[in-house]
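Just below is one structure, and these are the notes that go with it.
Protein chains in written order, with the numbering used here: chain A, 65 to 459; chain B, 237 to 693.
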């Protein structure tokens with residue numbers, strides 16, 4: 065992602081935190097000489113097992129802990145400076161909320177801390193309650209909420225100021241798959257709008273899906289840092305995903321691949337548990353089954369869900385925000401897979417002169433592709449198979 | 237200010253929903269009406285009402301103090317313990333604003349509860365004469381001695397004149413060679429001083445005591461002034477009663493031998509039981525136009541014993557200078573100032589102490605405030621041997637302790653219908669506010685530096 069204004073959203077210089085015992089003797093090096101650079105408008109993940117120092121880093125950025133050595137610069141200043149903290153949204157590792165306050169009172173309280181006027185506060189509170197699916201329970205004390213419901217309010221409070229930098233500590237911890245999906249959609253949408261997100265997590269699948277870059281911490285030290293694509297891409301394998309193919313078609317592809325000297329394996333892909341779960345809940349919601357828990361509108365496709373998140377964010381900022389034009393189009397796991405598939409297809413069809421438009425010239429098309437990846441994949445393969453069939457017939 | 241108000245509002249709302257606040261409110265709602273029915277005092281109408289207001293105000297003041305201590309210690313220490321503080325201090329609010337907000341929130345809770353319960357006490361007190369069997373005299377006594385606010389003049393001793401008399405007496409002894417050379421001069425002077433002071437508040441059979449006052453300004457000359465006294469006898473009489481004559485008026489008229497009196501001098505012969513507070517009234521026209529008033533007690537020779545008036549509450553002149561309502565309001569203001577002090581103390585202590593330790597310290601300070609006089613005396617006595625160390629260490633800390641006893645026992649003013657002077661009110665409230673500010677400043681400094689997510693391993 066581009067580094068606007070030549071400034072990092074978060075920058076640490078030899079940041080070190082050593083925890084001591086009662087007598088001031090050094091006991092645990094939680095963070096060791098950390099030099100972290102989070103660029104503006106990127107989703108950065110701090111990954112690591114429990115006790116690796118992720119949360120300690122976030123606490124130092126926010127002034128909750130004082131570094132033993134080194135320095136942390138957040139949005140060009142000290143995270144404790146009210147001018148800086150006014151631009152930060154923070155979701156701690158657990159939703160530390162006031163049990164006696166209702167959900168609405170809680171969000172109103174945090175809105176007041178940001179000095180929002182009553183009209184703006186009221187509209188944001190309602191929009192956020194709607195987003196986290198707790199409008200129906202807005203007047204219930206937080207103390208009566210489940211962990212996941214409280215987590216949703218925690219997320220809502222982190223967004224009340226339409227933050228420039230969102231710091232999320234284990235954002236999906238305690239959430240049901242719907243809430244998890246929603247947070248991931250939200251993070252992607254926030255990044256699209258030019259916000260910076262710094263999250264720490266040990267749920268690698270979540271991080272993989274939303275982060276542009278990650279740093280893996282162990283023992284307070286950065287073990288590896290880089291973009292998801294660079295870190296995870298397997299250069300020795302190609303994966304193609306498509307709708308069900310006939311045995312004949314599979315056999316034809318196998319022949320092409322083996323002719324090219326590659327190994328081929330075809331099997332029915334497993335549906336992700338997340339999408340399966342969301343389907344079940346969507347069905348229950350259609351049947352209007354009663355629930356005392358959070359209610360999120362799950363009817364609609366992934367694109368519609370993202371649009372719903374986008375709509376809430378629009379309501380948050382009171383006016384429609386022009387999306388920040390990123391230097392590179394937003395990559396999702398699906399789009400990365402699609403690009404790989406196109407490369408394979410290009411290679412597969414090279415002999416038949418069935419060229420596919422080069423990626424650089426099809427940005428608009430690609431964007432449409434991202435919304436309906438499977439249909440397009442099927443269309444391409446069908447076309448490819450049809451051509452083969454005609455050849456066979458002619459032959 | 238918006239952020240401070242947000243914290244205050246949050247603290248207020250959370251506190252109102254805590255069980256401790258609800259229990260305190262229920263207790264007061266139940267206990268106050270019961271007290272109005274069960275208080276009997278000495279059996280008279282005034283005694284019953286005095287007893288009710290004494291217990292009522294005492295109960296409200298005590299329960300609200302306890303509630304304030306608990307809530308103020310709880311509000312910040314639990315935010316830190318349960319980490320709600322993480323989501324607050326990471327917002328654009330300065331830490332001192334958070335502390336002020338917390339104190340303001342507790343103060344709002346106190347204000348609301350104090351207004352409600354003092355109104356209940358006031359209403360019951362005002363209505364009690366209607367439901368109390370009493371005659372005209374009893375009602376008049378109620379109006380004169382309870383439903384009013386009176387200035388109090390205590391027996392005063394001119395220290396300089398007394399010292400001069402002591403020196404004269406010493407010189408006289410020295411001249412006449414009656415000094416015991418085995419005694420040091422200071423010891424002799426000390427004994428003479430005690431004797432002089434004793435002579436100003438005691439009268440031998442056939443002797444008298446004169447008290448003079450200036451600046452006496454009764455609310456209305458057509459009303460009465462009140463002489464309140466308590467005396468003892470060096471030899472207790474068989475029926476425990478003493479005879480005496482009180483002369484009240486402008487004593488200077490007798491000295492100058494004026495043929496005609498400008499203002500009357502009243503003489504009131506009385507027989508009173510010893511060791512009991514007694515009160516009688518005299519028309520206020522005895523006070524001279526320039527505010528001079530003299531009171532003389534003549535000890536009848538038939539008593540055959542010396543009459544002694546105790547130093548602290550032996551003699552007072554009271555006269556009406558204001559209304560009961562005003563005085564009650566002032567008492568409530570003093571109680572409110574105390575509660576703010578306790579709120580500042582609780583919040584300040586919980587910037588660096590956990591809830592159990594903070595609450596223990598607060599209760600210690602509260603009870604030391606209740607026995608402040610004793611504490612100060614004890615430490616002053618101990619400090620005599622450690623003069624400089626004491627001066628700069630323990631003494632300032634002792635000064636920080638609140639005073640809820642002696643002159644600052646606000647209940648006594650209401651029971652005795654004694655005016656809480658504006659100057660006294662300003663002093664009591666002002667000193668408490670200064671002490672609160674000092675505590676809060678210490679809290680600001682500690683909290684600003686505190687590492688809120690610190691872990692000790």
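Glycine included, C-beta positions come from ideal geometry on N, C-alpha and C. On a predicted model such as this, the values are computed, not experimentally measured, just so you know.
For the alpha helix (DSSP H) that contains residue i, what are its first and last residues?
i              : result
residue 632(B) : 630-636
residue 407(B) : 395-411
residue 195(A) : 182-195
residue 246(B) : 238-252
residue 322(B) : 320-325
residue 471(A) : Limits of chain A in this structure are 65 at one end and 459 at the other, which puts residue 471(A) out of reach.
residue 312(A) : 311-323
residue 101(A) : Here residue 101(A) belongs to no alpha helix (DSSP H); instead the beta strand (DSSP E) covers 101-103.
residue 109(A) : Residue 109(A) -> not in any alpha helix (DSSP H); beta strand (DSSP E) instead, spanning 107-111.
residue 649(B) : 646-651
residue 345(B) : 331-363
residue 221(A) : 211-223
How is the beta strand (DSSP E) around residue i delimited, first residue to last?
i              : result
residue 534(B) : 529-535
residue 284(B) : Here residue 284(B) belongs to no beta strand (DSSP E); instead the alpha helix (DSSP H) covers 281-317.
residue 232(A) : 229-233
residue 722(B) : Beyond the ends of chain B as shown, which are 237 and 693, falls residue 722(B); an answer cannot be given.
residue 448(B) : 444-449
Run through the DSSP bridge pairs and tell me what residue i is partnered with.
i              : result
residue 76(A)  : 136(A)
residue 381(B) : Paired residue(s): none; residue 381(B) is not in a bridge.
residue 479(B) : 507(B)
residue 205(A) : 166(A)
residue 434(B) : According to DSSP, residue 434(B) bridges with nothing at all.
residue 387(B) : 555(B)
residue 95(A)  : 81(A)
residue 439(B) : 543(B)
residue 518(B) : 461(B)
Can you tell me whether residue i is buried or exposed, with buried defined as 16 or more other CB within 10 angstroms of its CB?
i              : result
residue 263(B) : exposed
residue 574(B) : buried
residue 666(B) : exposed
residue 447(B) : buried
residue 489(B) : buried
residue 286(B) : buried
residue 418(B) : exposed
residue 274(B) : exposed
residue 448(A) : Because the pLDDT of residue 448(A) is 34, which lies under 50, any placement of that residue in the model is unreliable, and the number read from its coordinates should be weighed accordingly. Residue 448(A) is buried by the Cβ-count criterion.
residue 350(A) : exposed
residue 628(B) : exposed
residue 76(A)  : buried
residue 477(B) : exposed
residue 320(B) : buried
residue 391(B) : buried
Give me the chain B residues within the contact set of residue i, using Cβ-Cβ distance strictly less than 7 Å, ordered along the chain.
i              : result
residue 126(A) : 326
residue 91(A)  : 693
residue 221(A) : 323
So which residues of chain A does residue i contact, with C-beta pairs closer than 8 Å?
i              : result
residue 329(B) : 146, 177
residue 583(B) : In chain order: nothing, as chain A lies at least about 17 Å away.
residue 239(B) : 176, 177, 179
residue 250(B) : 162, 164, 165
Can you list the residues of chain B that residue i reaches, using a CB-CB cut of under 9 Å?
i              : result
residue 287(A) : Under the 9 Å cutoff, chain B gives no residues; its nearest Cβ is about 23 Å from residue 287(A).
residue 154(A) : 322, 323, 326, 327
residue 210(A) : Within 9 Å Cβ-Cβ: nothing; residue 210(A) doesn't reach chain B, min ~17 Å.
residue 161(A) : 320, 323
residue 150(A) : 327, 328
Going along chain B in order, which residues have a C-beta closer than 8 Å to the C-beta of residue i?
i              : result
residue 85(A)  : 692, 693
residue 234(A) : Chain B residues near residue 234(A): none, gap ~13 Å exceeds 8 Å.
Quick one: which chain A residues come within Cβ less than 9 Å of residue i?
i              : result
residue 688(B) : 123, 127, 128, 129
List, in chain order, every chain A residue whose beta-carbon is nearer than 7 Å to that of residue i.
i              : result
residue 242(B) : 173, 176, 177
residue 566(B) : Here the premise fails: no neighbours, minimum Cβ distance about 35 Å.
residue 654(B) : Under the 7 Å cutoff, chain A gives no residues; its nearest Cβ is about 43 Å from residue 654(B).
Note to self: Ignoring anything shorter than 3 residues, give me the beta strand (DSSP E) runs that lie fully in the region 525-605 of chain B, in order along the chain.
What the structure shows: 529-535, 551-558
Check: Taking only runs of the beta strand (DSSP E) that begin and end inside the region 242-307 of chain A, which ones reach a length of at least 3 residues, in chain order?
Finding: You should have 260-265, 277-282, 285-291.
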